[in-house]
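In terms of our numbering, the sequence shown has 1334 at position 34, counting the first letter as 1, and numbering is strictly consecutive.
C-beta: ideal position from N, C-alpha, C; glycine also.
Below you'll find the structure, written out as structure tokens, and then a few comments.
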Amino acid sequence: MDAETIKSLVSILIWGGLFVVMMRFGCGAHIMGGHGHHGGPGRNEGPGAAGPVKDPVCGMSIEPGKAAAASVYRGQTHYFCSTSCRDKFEKAPEKYAAASAGEAMPGGHRHG
């Protein structure tokens, strides 16, 4: 490969990496259900919430502004202690969504 081809490939890799980062953590995260900055009355609200909320998967108490992950399901933001709990929630949100309004799922805090 000549120098111009290598420059082109590096440029494509850099722009592709930037795109992935922005979609995961930047503006694209809103589209993918991330950030968790949107709330409303009676919902687990964003960083300005009046106190901790429960992770609907494991029941751990979390400050919304310090949550490791968030997901929006049916207009309600749910906060998680880890990306593992968020991933479990996103695989079966209907199973866990009711838990965030009431008690957490039985069994305590486990990751697997």
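Three-state secondary structure (DSSP) of residue i
i, result
"V1320", "helix"
"A1303", "helix"
"L1313", "helix"
"A1392", "coil"
Beta-carbon contacts of residue i that lie in its chain and below 8 Å, excluding the five residues immediately before and after
i, result
"Y1379", "G1336, N1344, V1353, D1355, I1362, P1364, A1367, A1369 and A1370"
For residue i, the nearest candidate out of the options (CA to CA)
i, options, result
"G1375", "E1304, P1393, S1382 and C1381", "P1393"
"A1397", "S1384, D1387, V1357 and V1310", "V1357"
"Y1373", "S1382, G1351 and R1386", "R1386"
Cβ shell of residue i (< 7 Å), same chain only, five flanking positions each side left out
i, result
"E1390", "S1371"
"K1388", "V1357"
- Task: Could you tell me which uninterrupted beta strand (DSSP E) segments, each at least 3 residues in length, are contained entirely in the region 1343 to 1388, listed from first to last along the chain?
- Result: 1369 to 1373 and 1376 to 1380
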